[in-house]
Amino acid sequence: DGGITQSPKYLFRKEGQNVTLSCEQNLNHDAMYWYRQDPGQGLRLIYYSQIVNDFQKGDIAEGYSVSREKKESFPLTVTSAQKNPTAFYLCASSISGPLGTQYFGPGTRLTVL
Amino acid sequence: ELKVEQNPLFLSMQEGKNYTIYCNYSTTSDRLYWYRQDPGKSLESLFVLLSNGAVKQEGRLMASLDTKARLSTLHITAAVHDLSATYFCAALNYGGSQGNLIFGKGTKLSVKP
Chain U
1 DGGITQSPKY LFRKEGQNVT LSCEQNLNHD AMYWYRQDPG QGLRLIYYSQ
51 IVNDFQKGDI AEGYSVSREK KESFPLTVTS AQKNPTAFYL CASSISGPLG
101 TQYFGPGTRL TVL
Chain P
1001 ELKVEQNPLF LSMQEGKNYT IYCNYSTTSD RLYWYRQDPG KSLESLFVLL
1051 SNGAVKQEGR LMASLDTKAR LSTLHITAAV HDLSATYFCA ALNYGGSQGN
1101 LIFGKGTKLS VKP
């Protein structure tokens, strides 16, 4: 079955730790995205990538980093520089960049202890 | 800067009633998306509206786009309990980060018997 997978589903982080969230898609989509969702809020773009080995900052990139070494994978690292990382993180992909409909993965809920 | 506002943010409806969710956006965008999110789950794509006057319908939901008024609506006909969810609209931001969808805060719909 084609789709987007994210792991883990739940993640707990201690203060000062870096953690990496996984996002994999087998839809053969070129573009991939990371969003953050806070309670009662819409989604905000962290990073996006339109092709392998290229990515761009979104509106709230500070404290996050990404890589895009393979078309199907777009991991997100939440660094210790992100002061308020507790949130629901959603990965998305689209077939052809910004003009294609974005399809979302199941999400990772990150909690800082 | 593109901003997207939805109203109402909370909507409690009785089964069988009709209602409309409004999505206003502040600057030019001709690509408007509607998504559904169930509690703790990911976003499901409902509609993509690509031009002025576009209207799309799926079951009890109908979405429309008026680019001149910078307004999209999601109309619910004869609501049923299964429609209870949070509905987000998102407009494509041509002026910002490429591929940046700007989301509204969502409308939490509760359909009661």
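Here the protein sequences come in this chain order: U and P.
Note that my numbering numbers the first sequence so that position 2 is 2, with each residue one more than the last.
Note that my numbering numbers the second sequence so that position 74 is 1074, with each residue one more than the last.
Even for Gly, the Cβ is constructed at its ideal location relative to N, Cα and C.
Those residues which DSSP pairs with residue i across a bridge
i: P:His1075; result: P:Thr1020 and P:Met1062
i: U:Ala31; result: U:Ser94
i: P:Lys1041; result: P:Lys1041 is not bridged to any residue.
i: U:Ile4; result: U:Gln25
i: P:Lys1112; result: P:Gln1014
i: P:Leu1032; result: P:Leu1049 and P:Ala1091
Proximity winner among the options, relative to residue i (alpha-carbon distances)
i: U:Ser96; options: U:Lys57, U:Glu62 and U:Tyr33; result: U:Tyr33
i: U:Pro39; options: P:Thr1027, P:Thr1107 and P:Lys1112; result: P:Thr1107
i: P:Ile1076; options: P:Glu1001, P:Val1004 and P:Glu1015; result: P:Glu1015
i: P:Leu1002; options: P:Ser1012, P:Ser1029, P:Pro1008 and P:Tyr1019; result: P:Ser1029
i: P:Thr1027; options: P:Asp1066, P:Gly1040, P:Leu1061 and P:Tyr1019; result: P:Asp1066
i: U:Thr79; options: U:Glu62, U:Phe104, U:Ser94 and U:Ser93; result: U:Glu62
Helix, strand or coil at residue i [DSSP, three-state]
i: P:Leu1009; result: coil
i: U:Leu99; result: helix
i: U:Phe12; result: strand
i: U:Glu72; result: coil
i: U:Gln82; result: coil
i: U:Gln17; result: coil
i: U:Asp54; result: strand
i: P:Lys1003; result: coil
i: U:Gln114; result: The structure shown has nothing for residue 114 of chain U, since chain U only spans 1 to 113.
i: P:Lys1056; result: strand
i: U:Ile46; result: strand
i: P:Arg1070; result: coil
i: P:Ser1026; result: coil
i: U:Ala61; result: coil
i: U:Leu110; result: strand
Proximal residues to residue i (C-beta, below 7 angstroms), its chain only, five neighbours per side dropped
i: U:Phe88; result: Gln37, Gly107 and Arg109
Cutoff 6 angstroms; reference residue i; Cβ partners in own chain excluding five residues on either side
i: P:Phe1047; result: Trp1034, Lys1056 and Ala1063
i: P:Leu1043; result: Tyr1035 and Gln1037
i: U:Lys71; result: Val52
i: P:Asn1100; result: Asn1093
Cβ neighbours of residue i in the same chain (closer than 8 angstroms, five flanking residues each side left out)
i: U:Leu76; result: Thr20, Leu21, Cys23, Trp34, Ile46, Tyr47, Tyr64, Ser65, Val66, Tyr89 and Cys91
i: P:Arg1031; result: Val1048, Leu1049, Leu1050, Ala1091 and Leu1092
Note down, one range per segment and in chain order, each beta strand (DSSP E) of at least 3 residues found wholly within the segment 1080-1105 of chain P. 1085-1092 and 1101-1103
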